[in-house]
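Q: The UniProt record's numbering numbers the first residue of the sequence shown as 1 and each following residue consecutively.
We treat Cβ as the ideally placed atom computed from N, Cα and C, and that holds for glycine.
Values in this document were obtained by computation on a predicted structure and should not be read as measured data.
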Amino acid sequence: MPYSKKKHTNNLESHPKGQNSKQVLSSGQTSTSSNPDYQIKSKLHSRNRNREPYDLEALLKVKPQLQAHIKKNKYGTTSVDFANPEAVKLLNQALLDSYYGISNWQFPDANLCPPIPGRADYLHYLADLLAEKFKGSIPKGKQIKGLDIGTGASLIYPILGVVAYDWNFIATDIDPASLASAERIIETNESLQDKIELRLQKESGFIFKGIINPEDKLDFTMCNPPFHASRDAAIKGTRRKVKNLSGKNASKPDLNFAGIGNELVTPGGEPKFIKTMIRESTAFANNCLWFTTLVSKQENLKDIYKHLKRASAKHVKTIPMGTGNKVSRIVAWSFQSN
Numbered sequence: 001m002p003y004s005k006k007k008h009t010n011n012l013e014s015h016p017k018g019q020n021s022k023q024v025l026s027s028g029q030t031s032t033s034s035n036p037d038y039q040i041k042s043k044l045h046s047r048n049r050n051r052e053p054y055d056l057e058a059l060l061k062v063k064p065q066l067q068a069h070i071k072k073n074k075y076g077t078t079s080v081d082f083a084n085p086e087a088v089k090l091l092n093q094a095l096l097d098s099y100y101g102i103s104n105w106q107f108p109d110a111n112l113c114p115p116i117p118g119r120a121d122y123l124h125y126l127a128d129l130l131a132e133k134f135k136g137s138i139p140k141g142k143q144i145k146g147l148d149i150g151t152g153a154s155l156i157y158p159i160l161g162v163v164a165y166d167w168n169f170i171a172t173d174i175d176p177a178s179l180a181s182a183e184r185i186i187e188t189n190e191s192l193q194d195k196i197e198l199r200l201q202k203e204s205g206f207i208f209k210g211i212i213n214p215e216d217k218l219d220f221t222m223c224n225p226p227f228h229a230s231r232d233a234a235i236k237g238t239r240r241k242v243k244n245l246s247g248k249n250a251s252k253p254d255l256n257f258a259g260i261g262n263e264l265v266t267p268g269g270e271p272k273f274i275k276t277m278i279r280e281s282t283a284f285a286n287n288c289l290w291f292t293t294l295v296s297k298q299e300n301l302k303d304i305y306k307h308l309k310r311a312s313a314k315h316v317k318t319i320p321m322g323t324g325n326k327v328s329r330i331v332a333w334s335f336q337s338n
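Shown next as structure tokens:
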């Protein structure tokens with residue numbers, strides 16, 4: 001489902017629209033010391049647009065509905081109710097509008113709502129990785145093409161990659177409804193048109209097969225894999241998150257953090273999914289420079305390295321990522337010499 005409409009160049013600065021206000025909103029998505037809500041994302045990438053406290057007035061200007069969900073937290077600072085799915089979605093819509101110029105970002109409430117700052121970091125670290133090919137310069141423009149596996153209804157990674165670096169993307173999913181949502185986002189945001197091609201994965205057991213064509217030349221693939229092996233595990237994980245954010249138990253949690261189907265659950269969980277990805281990547285060694293994936297659990301790395309060795313990957317890199325108390329990493333591998 002390619003788009004071939006007039007190209008729009010987005011040249012936004014890294015601060016939000018309407019930056020005259022002085023009131024700031026602390027971010028409850030990080031927690032690193034005695035006041036987790038006000039330890040502003042010191043671990044975010046240096047190019048991340050959300051390293052500083054959020055500008056409350058700027059966010060409310062683009063998303064007035066957010067006002068109903070702003071309150072004082074236990075540390076006495078102003079914060080959003082991060083245990084409330086509606087509040088989280090409104091905040092991230094406001095961030096995407098204020099900091100990235102994407103004003104039409106609508107997708108079903110049943111789908112996962114990605115936190116913008118953390119998702120942006122994946123793109124920034126990929127840019128650093130690709131810079132090795134360009135003598136240390138961060139590559140920008142349509143010369144760079146990436147493949148997003150499991151783009152979801154929100155299309156978040158291609159959106160951020162297009163706005164931040166003007167890259168082109170192929171975005172895939174196994175769910176037609178998610179791709180329909182992604183298509184609506186592209187159609188309603190001029191800056192995304194002619195930059196993102198959507199492809200449906202028709203075989204749920206495949207990742208790259210049926211998606212990467214013989215003529216495709218990619219600089220990278222990226223994926224935030226489903227990490228739970230069952231629905232029950234996903235529900236328990238969501239309950240823990242709700243308790244951490246609100247201090248209260250949730251017997252029937254709103255699965256704001258999960259589109260509980262394909263977005264968070266896959267047979268065998270994260271280890272099996274990444275193993276399949278590694279195995280399939282060998283067939284497309286000449287089509288792509290860097291295959292990459294997020295790895296949520298440190299304990300999965302040992303087996304991942306073992307499978308990469310068996311696959312005869314020539315280069316393997318592990319790139320640490322962290323936003324507050326959430327620690328993750330990117331594993332990247334390549335079969336190409338240069």
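Opposite C223 in the DSSP bridges: which residues?
A: Along the sequence shown, read from residue 1 onward, the residue named residue 223 stands at position 223. Paired residue(s): I149.
Q: Give me the Cβ distance between F169 and K195, rounded to the nearest whole Å; I'm assuming they're in contact under 8 angstroms.
A: Within the sequence shown, the letter at position 169 stands for residue 169. Within the sequence shown, the letter at position 195 stands for residue 195. That pair is a contact at about 7 angstroms.
Q: Would you kindly work out how many angstroms separate the C-alpha atoms of I304 and H69, rounded to a whole number?
A: To locate residue 304, count along the sequence shown from 1; it is residue 304. To locate residue 69, count along the sequence shown from 1; it is residue 69. Answer to the nearest angstrom: the Cα atoms are 41 angstroms apart.
Q: Is residue 356 near F107, with beta carbons less than 8 angstroms apart?
A: In the structure as shown, the chain begins at 1 and stops at 338. Residue 356 is therefore absent and cannot be evaluated.
Q: What residues match up with R199 in a beta bridge as DSSP calls it?
A: Locating residue 199 in the sequence shown gives position 199, where the first residue counts as 1. For R199, which the question treats as bridged, DSSP gives the partners T172.
Q: According to DSSP, is I40 helix, strand or coil?
A: As a working note, residue 40 is residue 40 in the sequence shown. With a pLDDT of only 42 at I40, under 50, the local geometry of the prediction cannot be trusted, and the value read off the model is given with reservation. Coil.
Q: Throw me the rounded Cβ distance for the Q201 and D173 pair, which I believe falls under 8 angstroms.
A: On the sequence shown, position 201 is the one that residue 201 refers to. On the sequence shown, position 173 is the one that residue 173 refers to. The Cβ separation is near 7 angstroms, so the contact holds.
Q: Between the Cα of K71 and those of V80, R279, W105, spot the shortest distance and give me the residue it belongs to.
A: As a first step, residue 71 must be located in the sequence shown, where it is residue number 71. That would be V80, whose Cα lies nearest to the Cα of K71.
Q: Check each candidate in W105, L91, N111, L130 and name the one with the smallest Cα separation from L218.
A: Reading the sequence shown from its first residue, position 218 is the one you call residue 218. Nearest C-alpha to L218: L130.
Q: Does DSSP put P320 in a helix, a strand or coil?
A: Here residue 320 corresponds to residue number 320 of the sequence shown, with the count starting at 1. P320 falls in the strand class under three-state DSSP.
Q: Tell me which same chain residues have a C-beta within less than 7 angstroms of the C-beta of F284, skipping the five on either side of it?
A: Along the sequence shown, one-based indexing puts residue 284 at 284. So the qualifying residues of the chain are F208, I212.
Q: Apart from the five residues on each side of it in sequence, which residues of its chain come closer than 7 angstroms, Cβ to Cβ, to K22?
A: Taking the sequence shown and counting its residues from 1, the one referred to as residue 22 is at position 22. Because K22 carries a pLDDT of 42, less than 50, the predicted location of this residue cannot be relied on, and the following value inherits that uncertainty. Excluding residues within five positions, none has a Cβ falling inside 7 angstroms.
Q: Taking contact to mean 3 or more Cβ pairs, one atom from each stretch, closer than 8 angstroms, check whether the stretch 306-314 and the stretch 116-125 are in contact.
A: Short answer: they don't touch.
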